[in-house]
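Encoded as structure tokens, the structure appears first; notes follow it.
There are 4 protein chains.
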Amino acid sequence: MKKPLRIGLVGYGFMGRTHSNAYRKVNNFFDLEYQPVLQAVCARDAAKAQAFADQWGYASIETDWRKLVERKDIDLIDICSPNNTHAEIAIAAARAGKMILCEKPLSMNGPEGETMVAEVEKAKVPNMVWYNYRRVPAVTLAKQLIDQGRLGRIFHYRAKFLQDWTISKDLPQGGTGLWRLDVNVAGSGVTGDLLAHCIDTALWLNGNIKDVSAMTETFVKERKHTLSGKVEKVGIDDACAFLAHFDNGSLATFESTRYARGHKALYTFEINGENASIAWDLHDLHRLQFFDHKDEGLTRGWKSLHITDSDHPYMKHWWVPGLQIGYEHTFVHQVADFIESITKGEKAHPDFRDSLETQNVCDAVLKSAQNGRWENVKHA
Amino acid sequence: MKKPLRIGLVGYGFMGRTHSNAYRKVNNFFDLEYQPVLQAVCARDAAKAQAFADQWGYASIETDWRKLVERKDIDLIDICSPNNTHAEIAIAAARAGKMILCEKPLSMNGPEGETMVAEVEKAKVPNMVWYNYRRVPAVTLAKQLIDQGRLGRIFHYRAKFLQDWTISKDLPQGGTGLWRLDVNVAGSGVTGDLLAHCIDTALWLNGNIKDVSAMTETFVKERKHTLSGKVEKVGIDDACAFLAHFDNGSLATFESTRYARGHKALYTFEINGENASIAWDLHDLHRLQFFDHKDEGLTRGWKSLHITDSDHPYMKHWWVPGLQIGYEHTFVHQVADFIESITKGEKAHPDFRDSLETQNVCDAVLKSAQNGRWENVKHA
Amino acid sequence: MKKPLRIGLVGYGFMGRTHSNAYRKVNNFFDLEYQPVLQAVCARDAAKAQAFADQWGYASIETDWRKLVERKDIDLIDICSPNNTHAEIAIAAARAGKMILCEKPLSMNGPEGETMVAEVEKAKVPNMVWYNYRRVPAVTLAKQLIDQGRLGRIFHYRAKFLQDWTISKDLPQGGTGLWRLDVNVAGSGVTGDLLAHCIDTALWLNGNIKDVSAMTETFVKERKHTLSGKVEKVGIDDACAFLAHFDNGSLATFESTRYARGHKALYTFEINGENASIAWDLHDLHRLQFFDHKDEGLTRGWKSLHITDSDHPYMKHWWVPGLQIGYEHTFVHQVADFIESITKGEKAHPDFRDSLETQNVCDAVLKSAQNGRWENVKHA
Amino acid sequence: MKKPLRIGLVGYGFMGRTHSNAYRKVNNFFDLEYQPVLQAVCARDAAKAQAFADQWGYASIETDWRKLVERKDIDLIDICSPNNTHAEIAIAAARAGKMILCEKPLSMNGPEGETMVAEVEKAKVPNMVWYNYRRVPAVTLAKQLIDQGRLGRIFHYRAKFLQDWTISKDLPQGGTGLWRLDVNVAGSGVTGDLLAHCIDTALWLNGNIKDVSAMTETFVKERKHTLSGKVEKVGIDDACAFLAHFDNGSLATFESTRYARGHKALYTFEINGENASIAWDLHDLHRLQFFDHKDEGLTRGWKSLHITDSDHPYMKHWWVPGLQIGYEHTFVHQVADFIESITKGEKAHPDFRDSLETQNVCDAVLKSAQNGRWENVKHA
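Given below as structure tokens:
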């Protein structure tokens, strides 16, 4: 019999769905010691919480996260509520001895993140942040190829995360599904929401970033705020681009925007090494582009790897070669890996400390954009 | 409260997994009157049946499908066992008044399929065949565009399903996972396994086929049979290609093989109409290629539609624009549509009669390949 | 000093331009013993001939090809006039001892082609047919890879040539630029015009074709004839598809049409061998797709070769890596290779005999389409 | 009769070939009042100059550019010699009243460029710089779409020019074909060689740049110098990336390197506007990617425009739809446009003044990279 891993979920939005789906599916596809049990979902609005519980099979609901954190029948607190709630909930959960899975970004800023790290490390509770894109099989394969030394010395890293959903001036800020436009709730705009993903992957694949020079822009300066009903100044960054040096001597460009017409969630990265290069694209996430200079010259070229073979990361758990998985599976992989880690008593990654490093890069980026200077990154 | 739809599954292979996953997920994403209940899985080997039941949450097991069919607590028989068992099980299930979902191809051949159709129609039980590719959102969108008259008169249809997994001469025929190479179990090779998919989609999108001229080939003439342990003649078609005329006057080419090095499950189709053309590819199933001659000349070109928007078929049930779903979701869609159909008292498609038409095309193809002549298709 | 190769060109249409451009450019890029000299262009309309001569630098004009053929100051007759004139001119040129470059297809049909072959072989004059696509660097590289044995046993060959320029019913048949729609001038429709290209390449890459089963269609049955001014029955095939067996045991599908909306000149082919596969596409002619099963499994995939490196066929003569050449360069390569062949006293290919084989395949295709039976190909 | 335009070419390297080819071809494809005449080529080494003259049909040679500039039988001086010679030759040519076509970049730096501009404007001689990529038909089409207002307010511009040919440490600096690595001859590395192309296109498509923040890197610090025979410090920038604000409020990222393994000449740009986006790629230069948000939602997507139709820029002069041209044709277009401009008495673009603006951006980029600060761009 599998051991139960009793989940208490805070928040029921987009991420509440992706996580719940992962908990429900993981044991059908992975052989694990633990089985997630959907014990409770928590939201301020009881009716909405109940509807979500019915949809997903949660056994109970709570309307106050403090109660959820105190429940004895909960092993793990999963934080899917907006960014400005992460720290308070995570700290309480750590003090209650719960395992913690926290949505990204970890915190509103670096200092807040440092407190969170201190608390989980003091409490010695397993902790992880949902930077799910590490677990796209193609991205995991990129990591494997890098770890095998296939690329050699790295010269360049470039990443972009392009969207186009906030171009309309009529879009309000704040409210359901729109809190990402409210700086008081989100902390920042594309930097914390999208570039944080790019940075997490980059740190994982290419090591620490030394310094950055950034620019940000808010294209639509004022929007109606859903809660106040008034037109208010927009505080978030609509777009952000930055130059960076990695510790390994490579140069990087990063860019994110919600004003790139034609792109919905175009997260791409490319790494150029002395011997090989790798490129990936979230819009075709089941492919990895690979160029190996060690191939014979006459037939050397970029390969489009269709990441569906059983020897590709995670893929033996799914279907048969040629048949692709999608976005939601990254969360299943993350749950599977988390369960493996607690089974073995090892750390899962990215943990809070890993994600604090990402937060510190974001802080340096926002600071550089504000003062127009290169900024060093504080290391976690 | 949702009404239960109690499933009895026969077979636990690849398709047993895809169907079980669909039953488990469908209510998390679709609002439906019924909720599938995993009541029982049936397989001759009790231990394997139990392992599958544990993995997927089936409440019980059976080792004789006849018992399953007779159980009062089962509403629907889902047939995932090899092709040569479909008819017998389906006929018994129909006589027992069960709803029936049958894996494709419907039957070993047309005459057998006719009997099956007669029985389910006599029993008036809801019935459907798992030609899942109709429910890839991009393929469903193709159907919508055709039904809107966007293509105009159709000139050409071409489809291929290319694989490469049987090139090795060392691969045996028969046995677990390999019954598709045993003509006595599978009925035919690529014709029934792969071209049947192409034909089902084609009939749905482009109407009936009038006549065909085909060729087949068995590249590896003898293989060890897993069950007998002896080298035996291979009876299946390793590859098959055929020309066809549709009733609407369009010309078609169809091809399938398991000897196309580099392709795992490359099901592609393209339709050329007077005003527009459409192309699709299973290896990038979340995209649809569309060329509209009515577009302004200067910027006319093939569009790569990224089928992840909420107005694309089925997609509002999943994530957000830009985030792709995969192969398994087609089965979820099929279950959702089936439940909708029984809720409304309408037929679900493709039903047994629709699939008999596909079977008849396969029969004509195999006959033409044998006698080297154009063959007319018998209509269901 | 280079030796002069004095050209007499018959015809001044599209092909007259491509050939003239090739003659003018070849010595700038290739070191050759001969230099083409644009001695005379011949056309019935003196004014048009003179305009063409002025545009391209021909030293003189003729209005009767018989006079051109008899001129002592001409070494080579280049036949670019419509298909129904090829035989008569070629035979006269052979008898006059001229070298002959003839546009494709060689002849109106196989028997006519046989006579042409007999005459040039009797006269022992160097001869070649302008199947220019052999000299696309990517296609030549495909040939090299095949000759190296990289593909192993060949299982499949498939080729298509898709266009969309005759969909409009208002397009007349016959007249300037439209003789390809007049069966009396062209001999056939897409079979001789487009499939002939596919067949020439296929025979070169994959050996002889044994037998074929074909279908043709004329979608627009009547068109106004430019010359008569009357609506007349259309005699050409608008579309043609056929199945074939090659002598090497591989199966093939070929298709061509001028009714594939969205495709201008989409000549594609793909070859699947036991160890590797190759695919190519005229719309991106500077790329070759290559899949090598011998590559390491984890990073095995289709490579998109950018055929611009100096070790790729012909490319050292052009620019630098990354910079692509186009359609016209295939003709330059053909002239360069022809000059090399006469310098060495070797045959250039495809010569008239090679192209008679292509003609015979076309004849078998048209015959099969007419009688609905498999037809054997007569070998040249 | 066409008027002669007598060319005196300085330099015989890669660019000498592209220009000569353009002069020879232009009248075959364009109807123009002038016909370029290859009057003289100038190089210090008489034997090499003569070999080049023989290859391309130049009527005479010179070994001292001063003599060339003074010749009465020369109308136009074309400067293809290394960057550090541009200014002196151009100024002398201007004073001699010659028309001037100068290879890019205009000059070693902005101040030198200012002098050149002053001289040609004082002399009132037609002048142009060979930023040939403006005349790729797809790029010209991008300009037309922007000028039609199809994109609306511009939010983002991003450009890259990636190569990989200097990764080897064994490559020397200086000498034939390698002067681009010698800072004293080239002025800078990728900034002047590659980013200058990106900047020229960007200024043309998107207006002036206000300020920049840049970083550069020299990955290989020392290389043997071909001329001295000694290992010397490398003075050029191997890679350069910069952030920029355009005057129109859009944000930009630019990057260039010769260390991007797998890319030979991957010049790409993308522009995101409120209503539409455009992307282009030199490796497939005959295509333009276009996304128009005004398209119907259900079939909205990125279009891959195959720029071979007769209504696409320049294409009516070439072949037929579907047949692509290549890199060399951009130079033919530039000569054709230049001749049109002198025929009409209008300015050709980019002229020296346009190119000085590009030079000033390069200067600001290099300065910013050196001092780590945002730098304003001086306007020409």
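Residue numbers (my numbering), protein chains in the order written: chain A, 1 to 380; chain B, 1001 to 1380; chain C, 2001 to 2380; chain D, 3001 to 3380.
We treat Cβ as the ideally placed atom computed from N, Cα and C, and that holds for glycine.
Check, Outcome
"Please list, in chain order, all residues of the same chain as N2127 of chain C whose beta carbon is under 6 Å from its beta carbon, the five residues on each side excluded.", "I2100, V2120, D2351 and F2352"
"Please classify C3198 of chain D: does DSSP put it in a helix, a strand, or coil?", "helix"
"Taking the alpha-carbon of K1303 of chain B as reference, which of D:K3221, D:H3293 and D:G3345 has the nearest alpha-carbon?", "D:H3293"
"Just the Cα atoms here: how many angstroms apart are N3027 of chain D and E3357 of chain D?", "32 Å"
"In angstroms with no decimal places, state the Cα-to-Cα distance between L243 of chain A and D3211 of chain D.", "15 Å"
"So the candidates are D:G3008, D:L3032 and D:A3051; which of them puts its Cα closest to the Cα of L3038 of chain D?", "D:G3008"
"How about the stretch 2259 to 2269 of chain C and the stretch 2151 to 2161 of chain C: do they share at least three Cβ pairs that are nearer than 8 Å?", "yes"
"Please confirm if N21 of chain A has its CB atom under 8 Å from at least one CB of chain B.", "yes"
"Report buried or exposed for H1019 of chain B, applying the criterion of at least 16 other Cβ atoms within 10 angstroms of its Cβ.", "buried"
"Throw me the rounded Cβ distance for the I89 of chain A and I79 of chain A pair, which I believe falls under 8 Å.", "5 Å"
"Taking Cβ positions only, does L298 of chain A come closer than 8 Å to chain C?", "yes"
"Can you tell me the Cα-Cα spacing of L2381 of chain C and W280 of chain A, whole angstroms?", "Outside the shown range of chain C (2001 to 2380) lies residue 2381 of chain C, about which nothing can therefore be said."
"Measuring only the C-alpha atoms, how far is W3374 of chain D from T191 of chain A?", "21 Å"
"Interface residues of chain D around F958 of chain B at Cβ under 8 Å?", "This structure gives no information on residue 958 of chain B, because the portion of chain B shown stretches from 1001 to 1380."
"According to DSSP, C2080 of chain C sits in a beta bridge with which residue or residues?", "Paired residues: none, contrary to the question."
"H3306 of chain D CB to nearest chain B CB: under 8 Å?", "yes"
"With a threshold of 16 other CB atoms inside 10 Å of the CB of N3206 of chain D, please say whether the residue is buried or exposed.", "buried"
"Under a CB-based cut-off of 8 Å, is G3149 of chain D close to chain A?", "no"
"Sorted by chain position, which residues of the same chain lie with C-beta nearer than 6 Å to A2092 of chain C's C-beta, five sequence neighbours on each side aside?", "V2069"
"Which residue's Cα is closest to the Cα of V3320 of chain D: D:F3029, D:E3328, D:D3309 and D:L3366?", "D:D3309"
"With distances taken from CA atoms, which of B:G1187, B:A1196 and B:L1181 is nearest C1223 of chain B?", "According to the sequence provided, residue 1223 of chain B is Arg. The question's Cys does not apply to it. It is B:L1181."
"Kindly indicate which three-state DSSP category A159 of chain A falls into: helix, strand or coil?", "strand"
"Put D2182 of chain C into one of helix, strand or coil per three-state DSSP.", "coil"
"So if DSSP puts A1022 of chain B in a beta bridge, which residue, or which two residues, is it bridged to?", "A1022 of chain B is not bridged to any residue."
"Under 9 Å, CB to CB, which of the residues in the stretch 1308 to 1319 of chain B have a partner in chain D?", "D1309, D1311 and H1312"
"Roughly how many angstroms lie between the CA atoms of S2277 of chain C and R1261 of chain B, to the nearest whole one?", "6 Å"
"Taking the beta strand (DSSP E) that G2110 of chain C belongs to, which residues open and close that run?", "Unbroken run through G2110 of chain C is the alpha helix (DSSP H), G2110 to A2123; no beta strand (DSSP E)."
"Compute the beta-carbon to beta-carbon distance between A1022 of chain B and V1332 of chain B, rounded to the nearest angstrom, for a pair I have assumed lies under 8 Å.", "5 Å"
"Please specify which runs of the alpha helix (DSSP H), each continuous and at least 4 residues long, are wholly inside the stretch 2249 to 2316 of chain C, giving them in chain order.", "none"
"Near D363 of chain A, what residues of its chain come up, given a Cβ to Cβ distance below 7 Å and the 5 sequence neighbours on each side ignored?", "N109 and G110"
"Between the alpha carbons of Q2050 of chain C and D1164 of chain B, how many angstroms are there, rounded?", "58 Å"
"Kindly list the residues whose CB is nearer than 7 Å to the CB of E62 of chain A, restricted to its own chain and excluding five residues on each side of it in sequence; keep chain order.", "A40, C42 and L68"
"Could one say the Cβ of D2073 of chain C lies closer than 8 Å to chain D's Cβ atoms, at least one of them?", "no"
"Taking the straight line between their C-alpha atoms, what separation do you get for N1083 of chain B and L1106 of chain B?", "8 Å"
"What are the partner residues of Y1034 of chain B, as DSSP defines its beta bridges?", "B:K1003"
"Just to confirm, is the Cβ distance from I1986 of chain C to V2361 of chain C under 8 Å?", "The structure shown does not extend to residue 1986 of chain C, since chain C spans only 2001 to 2380, so no value can be given for it."
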